[in-house]
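> Structure provided below as structure tokens; questions to follow.
Residue numbers (the UniProt record's numbering): 1 to 528.
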């Protein structure tokens, strides 16, 4: 009997060190670690010990014996990986034992952001003797896209927040939530109180289509829609017209599938989740019956993962369809099989999601509001699809950080292995580092941020050893007083705990996982 990793895998890799026979691949550092969709367990090597299942932070590992029917494909998916990538050796990876360099007894680091990259970095740093960490977050709530980006119907993925919460609870980690760097305190002031600043603020901008009409009312970025239904305070007041019959999603990554699934899924399955209450109400009244997911290229180049496509295919109440003429030349892999099935079967469902391929958007059309989208096919002809809602799912993009260099082409901070530098001079910005999407762009899984953050932590320790970091001018007590004097609404760990308890209580009373407070005023009131 073997254990099986399913589509919920976040590539956190916590399962790898605990495996006594090293049957989980790829491992961090392997050539294909950054490109595979998930991790896999070799059934020929697995000894059925279950250590990986106990360690997985998102419950994405099952015993073959109790694998749910809808995940049965993952037996073959896991085994198939090793048919092409047989295990050559089973020695465990060399353990990493970080410590402060010789001659240094203390290190203080300010981390800007509280999403996955920030929390992984805080975890790596706070494990070291003599290190203190200060986490700064603009919102009253931590965890970034775990709270505001992961789809509400993926509750197991959200469980990784429990692991991050344990990191933030450590006594040498100090939290300054509802505190904006640049408004309440500057980067230079952070450096006066810390040896280093690690910017892990994510990518909260959007890539545009660059076509006429995308500014029309009714055309939004998928990022805005995701933030709205997840209750992000900046977007909770947005209004999305769901009265029309059809929505068009441009793009075909996992975010595109997420928003399509949320638009089409029966609301009864979303009500028990932590989806924002206003979004549940709006979707309950929605008139949308058909969601078109339009991709520029063919299905063989699709950016979505096999797991997300399989999950969509298995979602009750949704009829997944494709156009036969647009899927010629598909291979024999499992993802292709799902697309072929969608093109050949008529599944009943309250709502339909149609996967379209080879459609390049030309314009979003309408008189004062969205009425349709015009696409160009590979043969040069055009097709117009009527729709009252258009969501652009073509990628997130980082924003420039005041006072720091910025690469406007990639939407990232220029860096060498996480150490920020100024491209105009080629010199490092002393004491400033980056991690996560602002470092590498909006790519990868949640767990991809773990090795990313570790690389940046290593850069900090290396610069400390070289004598490049300046000792803080002020201590932690001075920092706390400075921030509290400027920001009476500072949310610390205890205040966040009160917010969390309130949302959980409201959720229990409503029979839901959590009822999110979606305005800053509500969040601050519950924090006191």
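Where a beta carbon is used, it is the ideal one built from N, C-alpha and C, also for glycine.
When you compare the CB positions of residue 323 and residue 296, do they come within less than 8 Å of one another, or not?
Position 323 of the chain shown holds residue 323. Position 296 of the chain shown holds residue 296. Result no, Cβ atoms of residue 323 and residue 296 do not sit closer than 8 Å.
> Here's a check: name, in chain order, each residue in its chain whose Cβ is nearer than 6 Å to the Cβ of residue 484, leaving out the five neighbours to either side.
Counted from its first residue, the chain shown places residue 484 at position 484. These residues qualify, in order along the chain: 490.
> Note down the Cα distance separating residue 253 from residue 294, rounded to an integer number of angstroms.
Locating residue 253 in the chain shown gives position 253, counting from the first residue. Locating residue 294 in the chain shown gives position 294, counting from the first residue. One C-alpha to the other measures close to 10 Å.
> Candidates 234, 466 and 245: which alpha carbon is nearest residue 263's?
In the chain shown, the residue the question calls residue 263 occupies position 263. Considering only alpha carbons, the answer is 245.
> Taking only the alpha-carbon atoms, compute the straight-line gap between residue 372 and residue 329 and give it to the nearest angstrom.
As a position in the chain shown, residue 372 is number 372, starting the count at 1. As a position in the chain shown, residue 329 is number 329, starting the count at 1. Those two C-alpha atoms are separated by around 29 Å.
> Could you say if the segment 142-159 and the segment 218-232 meet the contact criterion of at least three C-beta pairs nearer than 8 Å?
These segments touch.
> How many angstroms separate the CA atom of residue 142 from the CA atom of residue 379?
Taking the first residue of the chain shown as 1, we reach residue 142 at position 142. Taking the first residue of the chain shown as 1, we reach residue 379 at position 379. Approximately 48 Å, taken between the alpha carbons.
> Can you name the residues that DSSP bridges to residue 432?
For the purposes of this step, residue 432 is taken as the residue at position 432 of the chain shown. Partner(s): 197.
> Have a look at 452, 431 and 87 and flag the residue whose alpha-carbon is nearest the alpha-carbon of residue 119.
Here residue 119 is taken as the residue at index 119 of the chain shown, counted from 1. Selected option, being the one with the closest Cα: 452.
> Assuming residue 81 and residue 6 make a contact with CB atoms under 8 Å, what is their CB distance in whole Å?
Indexing the chain shown from 1 puts residue 81 at position 81. Indexing the chain shown from 1 puts residue 6 at position 6. Not a contact, Cβ separation roughly 13 Å.
> Under 8 Å, do residue 391 and residue 247 count as touching if we go by C-beta distance?
Here residue 391 is taken as the residue at index 391 of the chain shown, counted from 1. Here residue 247 is taken as the residue at index 247 of the chain shown, counted from 1. Yes, they are a contact pair.
> Using the rule of at least 16 other Cβ atoms within 10 Å of the residue's Cβ for burial, across every protein chain shown, is residue 250 buried or exposed?
On the chain shown, residue 250 is found 250 positions in, with the first residue counted as 1. Residue 250 comes out buried.
> Have a look at the DSSP bridge pairing and note the partners of residue 136.
If you number the chain shown from 1, residue 136 lands on position 136. Looking at the DSSP assignment, residue 136 forms a beta bridge with 112 and 176.
> Taking the continuous beta strand (DSSP E) assigned at residue 386, which residues delimit it?
Translated into positions along the chain shown, residue 386 becomes position 386. Segment 382-386, the beta strand (DSSP E) holding residue 386.
> Go to residue 372, then tell me how far its alpha helix (DSSP H) extends in each direction, as first and last residue.
Indexing the chain shown from 1 puts residue 372 at position 372. No alpha helix (DSSP H) contains residue 372, which is instead part of the beta strand (DSSP E) from 372-376.
> Beta-carbon separation of residue 488 and residue 193 under 8 Å?
Your numbering for residue 488 matches position 488 in the chain shown. Your numbering for residue 193 matches position 193 in the chain shown. No, they are not a contact pair.
> Would you list the one or two residues that DSSP bridges to residue 519?
By 1-based counting over the chain shown, the position of residue 519 is 519. Looking at the DSSP assignment, residue 519 forms no beta bridge with any residue, so it has no partner.
> Can you find at least 3 beta carbon pairs, one from the segment 267-284 and one from the segment 216-223, that sit closer than 8 Å?
With the cut-off at 8 Å, the segment 267-284 and the segment 216-223 do not touch.
> Quick check on DSSP: helix, strand or coil for residue 119?
Stepping through the chain shown from its first residue, residue 119 is reached at position 119. Note: residue 119 maps to helix in three-state DSSP.
> Among the residues of its own chain, which have a CB less than 6 Å from the CB of residue 339, if the five just before and after it don't count?
Walking along the chain shown from the start, residue 339 turns up at place 339. For residue 339, where only same-chain residues beyond five positions count, the Cβ hits under 6 Å are 299, 322 and 327.
> With distance defined between alpha-carbon atoms, name the residue in 365, 257, 34 and 358 nearest to residue 315.
Start at 1 with the first residue of the chain shown, and residue 315 comes out as number 315. For the residues 365, 257, 34 and 358, the minimum Cα distance to residue 315 belongs to 257.
> Please report the distance separating the alpha-carbon of residue 202 from that of residue 468.
Within the chain shown, residue 202 is the residue found at index 202, counting from 1. Within the chain shown, residue 468 is the residue found at index 468, counting from 1. Straight-line Cα distance between these residues: approximately 26 Å.
> Determine the burial state of residue 305: buried for a count of at least 16 other Cβ atoms within 10 Å of its Cβ, exposed for fewer.
The residue labelled residue 305 in the question sits at position 305 within the chain shown. Classification of residue 305: buried, given that the 10 Å Cβ count is 16 or more.
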